[in-house]
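Start counting the sequence shown at 194; every next residue gets the next number (the working numbering). Ideal Cβ positions, reconstructed from N, Cα and C, are used throughout, including at glycine.
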Amino acid sequence: MRIDTVRCKGCGICVEFCPTKVLILAEGAAAVADLDRCTACNLCDLRCPDFAITVVPSASEKTAA
């Protein structure tokens, strides 16, 4: 997961929609609290109005595919 802190305006929509509570707001922008809990559902990416979040598969997900 990548968060573009320049684009992120800290609205918190991604934090609210994350079903596993991976994201938090810190210092006015979204931040990853616990990447291990991420299921790559892409809800944060899809809901971000500023296109500041990109969900990328982890290395283990790439090898499993």
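* Secondary structure, beta strand (DSSP E): runs of 3+ residues fully inside the region 206-245 -> Fully enclosed beta strand (DSSP E) runs of 3 or longer: 216-219 and 222-225.
* To do: Answer yes or no: does any C-beta atom of chain D fall closer than 8 Å to that of Glu220?
  => Of the chains in the structure shown, none is chain D; there is only one protein chain.
* How many angstroms separate the CA atom of Val215 from the CA atom of Thr247? -> 14 Å
* Asked: Excluding sequence positions up to five away, which residues of its chain have a Cβ less than 7 Å from the Cβ of Gly221?
  -> Gly203
* Where does Ala219 land, buried or exposed, given buried means 16+ other C-beta within 10 angstroms? -> With fewer than 16 other CB atoms across the displayed protein chains lying within 10 angstroms of its CB, Ala219 is exposed.
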